[in-house]
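For the protein sequence lines, the chains are A and B, in the order given. This note's numbering numbers the first residue of the first sequence as 141 and each following residue consecutively. This note's numbering numbers the first residue of the second sequence as 181 and each following residue consecutively.
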Amino acid sequence: MKLDVIFRVTAKILIPFALVFALYVQFHGDFGPGGGFQAGVVAAAMIIFYAIIFGLEAAQKVFPPRLVELMVPAGIAIFAGVGVISMLLGENYLNYSPFAANPALGQEYGIILVEIGVLVTVSGTMVAIFYSFAGRGR
Amino acid sequence: MVLLTLLAAITIGIVRLRNLFAVVVLGGIYSFLMASVMIVLDAVDVAMTEASVGAGISTVLMLGVLSLTKTQETEPVHTPLLPVFVAVATGAVLVFGTFALPPFGAADTPVNLHVAPYYLENSIRDTLVPNVVTSVLASYRGFDTLGEVVVVFTAGIAVLMLLKGKRDIKPGPKRRRVHR
């Protein structure tokens, strides 16, 4: 799918900023609106945008389908693994208090870790579904 | 009010159009309007999700489907009277239900009196996170969020299995694996 030069230049300008915005939504979710779900879909939308403008092969070179499909369960593993770690540290499942000396700080660390898990699963799922749809027509 | 009127107009357009390409594009516009409604309701994170999933990703997926199938909807073979009746009756029941709802943003509703005050007061003390949505989502209700992520995971795996179906195991004495 080779489209106009306008699309290609716009995409090149837009995608880096939108990916940084996704990271901002991810890591600023403690203070502003947002979090793993939102960051995941914004990042996935940008990868899909890239695939539409520059072709599926170009996108799959950057984000191989194997990696994307691995991300789908990996996020769950991160999320659930954080819960197991908090159990090993002698607390209830998914109680992040023992992650730091200050229980409240531990909660904050736990939230950040868990949100990374959400980001990985959500973006992986979205891109994997897009790949399998887009790879079908050929 | 303007947004809701536009939403209604687009819905009528979607119902009346037979060209599926136009319907998909209208669906994307609908999602963007819905995102604007969410911003008006101060739910910026929901608006972000709606804009990128509803207007972005699902529109792309729909267009991908259209490239595999026909873009013109066939004429209906049945009269639309029964579906119209069901839709109007359901809508009437829902509108009737809204009469019993408390006014928008009322502070003395059961929803706002149960555990919400505790979260609002203690979020910073418990988690150092000023955004209460995040602290409720990831910490107080972390287990629910784990369930939500599992839902996304399950849906993704199901769609991938349906769409890819890379190998199917033939039943038989040898259990040979066949690659398509």
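Backbone N, C-alpha and C fix where the C-beta goes; we use that ideal spot for every residue, glycine too.
Helix, strand or coil: which one does DSSP assign to residue i?
i	result
N292 (chain B)	helix
N199 (chain B)	strand
M186 (chain A)	helix
Y236 (chain A)	coil
G352 (chain B)	Model confidence at G352 (chain B) stands at a pLDDT of 47, short of 50, so the residue's coordinates are unreliable and nothing is read from them.
P156 (chain A)	helix
R360 (chain B)	Confidence at R360 (chain B) is low in this model, with a pLDDT of 45, below 50, so its placement is unreliable and the value that follows should be read with caution. DSSP places R360 (chain B) in coil when its eight states are reduced to three.
F203 (chain A)	coil
G246 (chain A)	helix
E231 (chain A)	coil
D170 (chain A)	coil
M181 (chain B)	coil
R276 (chain A)	coil
A189 (chain B)	helix
D222 (chain B)	coil
G244 (chain B)	helix
G176 (chain A)	helix
T229 (chain B)	helix
A241 (chain A)	coil
G336 (chain B)	helix
V262 (chain A)	helix
G195 (chain A)	coil
P213 (chain A)	helix
Residue i and residue j: beta carbons closer than 8 angstroms?
i	j	result
P173 (chain A)	D324 (chain B)	no
I138 (chain A)	V240 (chain B)	Nothing in the structure corresponds to residue 138 (chain A), since chain A is present only between 141 and 278.
D306 (chain B)	A240 (chain A)	no
Y233 (chain A)	Y249 (chain A)	no
I237 (chain B)	I209 (chain B)	no
Y299 (chain B)	V309 (chain B)	no
F219 (chain A)	V331 (chain B)	no
L212 (chain A)	F279 (chain B)	Note that residue 212 (chain A) corresponds to Val in the displayed sequence, not to Leu. Their beta carbons are not under 8 angstroms apart, which means V212 (chain A) does not touch F279 (chain B) by this criterion.
R196 (chain B)	E253 (chain B)	no
V220 (chain B)	L281 (chain B)	no
T229 (chain B)	F177 (chain A)	yes
R148 (chain A)	I193 (chain A)	yes
T251 (chain B)	L326 (chain B)	no
L259 (chain A)	Q166 (chain A)	yes
A202 (chain B)	A215 (chain B)	no
Which whole-angstrom value describes the C-beta separation of residue i and residue j, a residue pair presumed to lie in contact below a C-beta threshold of 8 angstroms?
i	j	result
V94 (chain A)	G264 (chain A)	No statement about residue 94 (chain A) is possible, as the shown extent of chain A runs from 141 to 278 and does not include it.
G215 (chain A)	T261 (chain A)	3 angstroms
L261 (chain B)	I269 (chain A)	Between I269 (chain A) and L261 (chain B) the Cβ distance is about 37 angstroms, and since that is not below 8 angstroms, they are no contact.
Closer than 7 angstroms by beta-carbon distance: list the chain E residues that pair up with residue i, in chain order.
i	result
G169 (chain A)	Looking for chain E here will not work: the only protein chains present are A and B.
Query raised in the report: Counting Cβ pairs, one atom from each stretch, are 3 or more of them under 8 angstroms apart for the segment 179–198 of chain A and the segment 231–238 of chain B?
Result: yes
Report task. Would you check if there are 3 or more beta carbon pairs closer than 8 angstroms linking the segment 309–323 of chain B to the segment 239–257 of chain A? Result -> Contact holds between the segment 309–323 of chain B and the segment 239–257 of chain A, because three or more Cβ pairs, one in each stretch, are under 8 angstroms apart.
Report task. Any chance you could list the alpha helix (DSSP H) runs of at least 4 consecutive residues sitting entirely within the segment 247–327 of chain B, in chain order? Result -> 261–278, 290–293, 296–307 and 312–315
Query raised in the report: Can we say the segment 268–275 of chain A touches the segment 239–257 of chain B, given the rule of at least three CB pairs closer than 8 angstroms?
Result: yes
Query - Validate contact between the segment 205–219 of chain B and the segment 150–161 of chain A using beta carbons, cut 8 angstroms, 3 pairs - result: In this structure the segment 205–219 of chain B does not lie against the segment 150–161 of chain A, because fewer than three pairs of beta carbons, one per stretch, are closer than 8 angstroms.
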